[in-house]
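Reading through the structure tokens given below for one structure.
In UniProt numbering, the protein residues as written are 1 to 972.
Shown next, in the form of structure tokens:
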């Protein structure tokens, strides 16, 4: 074949190659889109939440198509109209414009279509961010309450205003894009000059040389003038409506940092200014429309200048002058009525209207028998700190390095031997980082699930300070009657896994480690309904695309019976099926009707409740126990409207409508009918584990600190402002967390499971108030918030003052000396537990457990060390007592006899290693204790040789305990 022949075929060859690449890219894009769509649909269908998927898909599609057509259509229409009205003959001073004009003439449709299509696709894709506000607007429910200024129902601000804001912004954007597109085409066609001047070159004639001159030209053709006048007029019409609508924004915006909502300056200047600017905008629109006939740009131009100047004066200078010269000199007097409205709205928005605040003259003196009337409350005082004993759980119950517990454990209640007791509970989840071999097979198909829960008494410890287990070990043993212990869904299960196998095949998934009754590792094949079936290659291909992992197609561990499990954390699952909910930061495990489940509180929130104070949600719920690093979210309305439950084995999500009086929840129940289960469907066992949520309580605690003051003068002056104290144990200054405790409120007959917190005055450290809410969902008083406001005449020390007094107390130091020694001689660290505050003995009593933990080895390794409860410190007023038990500490404070029993003696004896030295002399007892310590050290050495670090640590702690007790005996 000749070279000439090859050259002739070359362009065709390149065209074919180009078309092939385009088709290939198109196929890949379509496959990717279809994969995302199908996999999402399958996931929602597996959970029986297909209604959520389809409703959001249809709504998003309608919004995207509608917004895309509007933006792209307005752009295309204006470009086409500008091209159609182009002058037939043009004399251009620009070769560049000539080039563009020729190109536009050759491919008019394509050149108009490309930018219009890009704008349509880009603008349409942005519409999906407005799905929720559109659905909420279409199904809005009245609140039955109106704001005090405009008289609008609260639902207007929560549902209607955000939607109208969206619609107006889209219309304005469409008109601006259309106007700019039309202007570009008019420039190219010569209907609108890029420069409204003409430069005449230098000339010469018989009269001499004439220098260059500049002449003004009319930059607009008649058609361009009419076209752009109409478009600019429409922009002014919509802008006027935007300014009119923005008046309502003042009810939900922050007012000069004083408060959220309408204030004096808003009322007397800003709101009226927005109305005036709207009217001026409409006048400008009329001028632009009139210019269609007048064709005199100075008329609408003058109107625009008037609007700009008016905006600067009316919206800028005038409000500042009112604020500076009218409000500032007597701010409280000018703002008083507005503050009253804002206090009322804020208390309603955060559901703190019915808080009971009682004056409380806390007793600070002590006497023998002072706690006799509170005897029922003492056995329930929680001594085990869930923020400290996570390491203890890990060392004693982790079993293998590929399991883990959270650093902060959870508090719940269980019936054990007929008594309801506060319990520390955690799920034993898989820890991929702890695998020695993190191959794809191991991380995605073998180590697929955790195993069991571990629970201990909150108010008991063994004689060596370790937890007293209610449930633990593998296989599980204990009191909780668990039918299914495997945990495929949990807080730490962030990675997707493949589970399931064909019938009769050898199980792949590790179930229990070696050391079980059969002596070796046990494997398991998943039999649950969780996840999506990927038995065929099409589904595997789609998920391989979704997760960008070809191993799903290549691995022999993926078979015809496989299911892929993803979105495995409880918060993820609830966020997907109910994106309109704000999910609590602390899901907690519970054993309900024989199954391990995750209970998650979920909230309806809004930032648009009129005149209610905004709070930063992430900042408010962060404390020393949980630091939240999410994006800042401003809210000013919150309800715990939904209780959610996620099954740990099959991932089933159940949403229960909890606060059915909430208009926001009612709105979403209209959007998704039948999605939520009734409150009456909650089983008795599940109800016993539901509790008042932490995040809501933290927000209410923060808001109530200022909004308990209903007098506007007091509110303004902050004369009785309460603040949440810093956690005395945390050097970063983080808030002290609220605590779940069983407390007996003054005047109540029996203790109630509650959530508690304390306040201190601003810039002071003494106690200002004590707050609690009934946290037991099965109680008729659930959600009842009560506050004890302390007298100003008798100061009660606050948490930081108490902590300082404890750590500097001589008897506390003496007790700790045998454990921590002095300086470099110390063999252990003292860890101070949560400082609990309880209303007992007609006053407020502080209880703080003290743990000791053996120091790490010189190499820096912390292997085998964990905290054990060693002492309990009690403070009442200025009196401090410390003891090996809570009973000893209480008796020490209350003149040798607290007047009631904590019930600890029985528990200590039951642990099997106390009481044997009670009848011996100190020397005899010390000798016996040292022998027992030596025996324990021997057992520790044996455990270390066998690689059993848990048993090693147990024996070391026992030996230390015996040796320390011997030291105490010998020193009287």
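For glycine and all other residues, C-beta sits at the position ideal for the given N, C-alpha and C.
- For residue 230, the CB contacts under 8 Å within the same chain, skipping 5 residues up- and downstream, are 288, 289 and 292 in chain order.
- Here residue 420 carries a strand assignment [DSSP, helix/strand/coil].
- Excluding residues up to 5 positions away in sequence, 31, 32 and 35 lie with their Cβ nearer than 7 Å to the Cβ of residue 545 in the same chain.
- With a cutoff of 8 Å on beta-carbon distance, residue 577 and residue 49 are scored as near each other.
- The C-alpha of residue 590 is placed about 25 Å away from the C-alpha of residue 498.
- Within the same chain, and ignoring the five residues on either side of residue 304 in sequence, the residues whose Cβ sits closer than 7 Å to its Cβ are 284.
- The three-state reading of DSSP puts residue 78 in helix, counting H, G and I together.
- Using a Cβ distance threshold of 8 Å, residue 429 and residue 494 do not count as a contacting pair.
- Boundaries of the beta strand (DSSP E) harbouring residue 509: 509-512, taken from the DSSP string.
- Comparing C-alpha distances from residue 532 to each of 669, 42 and 240 shows the shortest one belongs to 42.
- With 16 or more other CB atoms across the displayed protein chains lying within 10 angstroms of its CB, residue 609 is buried.
- In this structure the region 334-348 does not lie against the region 772-779, because fewer than three pairs of beta carbons, one per stretch, are closer than 8 Å.
- Three or more Cβ pairs closer than 8 Å define a contact, and the region 52-71 meets that threshold against the region 123-130.
- Judged by DSSP secondary structure, residue 522 falls within the beta strand (DSSP E) whose first and last residues are 522-524.
- Comparing alpha-carbon positions, the option among 330, 704 and 614 lying closest to residue 260 turns out to be 614.
- Taking a 10 Å sphere around the C-beta of residue 307, we find 16 or more other C-beta atoms and assign the residue as buried.
- Residue 49 carries a coil assignment under DSSP once its states are collapsed to helix, strand and coil.
- For residue 471, the enclosing beta strand (DSSP E) begins and ends at 467-472.
- Contact between residue 679 and residue 656 is confirmed by a C-beta separation of about 6 Å, below the 8 Å threshold.
- Our two residues, residue 155 and residue 140, have alpha carbons roughly 7 Å apart in a direct line.
- Taking C-alpha positions only, residue 431 is separated from residue 404 by approximately 6 Å.
- Note on geometry: alpha-carbon atoms of residue 699 and residue 743 lie some 22 Å from one another.
- Taking a contact as a CB-CB distance under 8 Å, the pair residue 363 and residue 841 counts as one, their CB atoms being some 6 Å apart.
- Residue 676 and residue 654 have their C-alpha atoms spaced approximately 8 Å apart.
- Taking a cut-off of 8 Å for Cβ pairs, the region 830-849 and the region 864-879 touch, as three or more such pairs fall below it.
- Bridge partners of residue 772 according to DSSP: 756 and 786.
- Of the residues 835, 934 and 779, the one whose Cα lies closest to the Cα of residue 758 is 835.
- Within the DSSP bridge table, the entry for residue 429 names 404 as partners.
- Sequence-distant partners of residue 559 (beyond 5 residues in either direction) whose C-beta falls short of 6 Å from its own C-beta, in its chain, are 502.
- Residues of the same chain with a CB within less than 8 Å of the CB of residue 178, apart from the 5 flanking positions on each side, are 74, 75, 77, 78 and 231 in chain order.
- In the structure shown, residue 450 falls within a strand segment according to DSSP collapsed to helix, strand and coil.
- Looking only at 333, 783, 832 and 751, the smallest Cα-Cα distance to residue 799 is reached by 832.
- Of the other Cβ atoms in all chains shown, 16 or more fall within 10 Å of the Cβ of residue 264; this residue is therefore buried.
- Of the other Cβ atoms in all chains shown, 16 or more fall within 10 Å of the Cβ of residue 962; this residue is therefore buried.
- Beta-bridge annotation (DSSP): residue 583 is paired with 602.
- Assignment of residue 267 by DSSP, reduced to helix, strand and coil, places it in the helix class.
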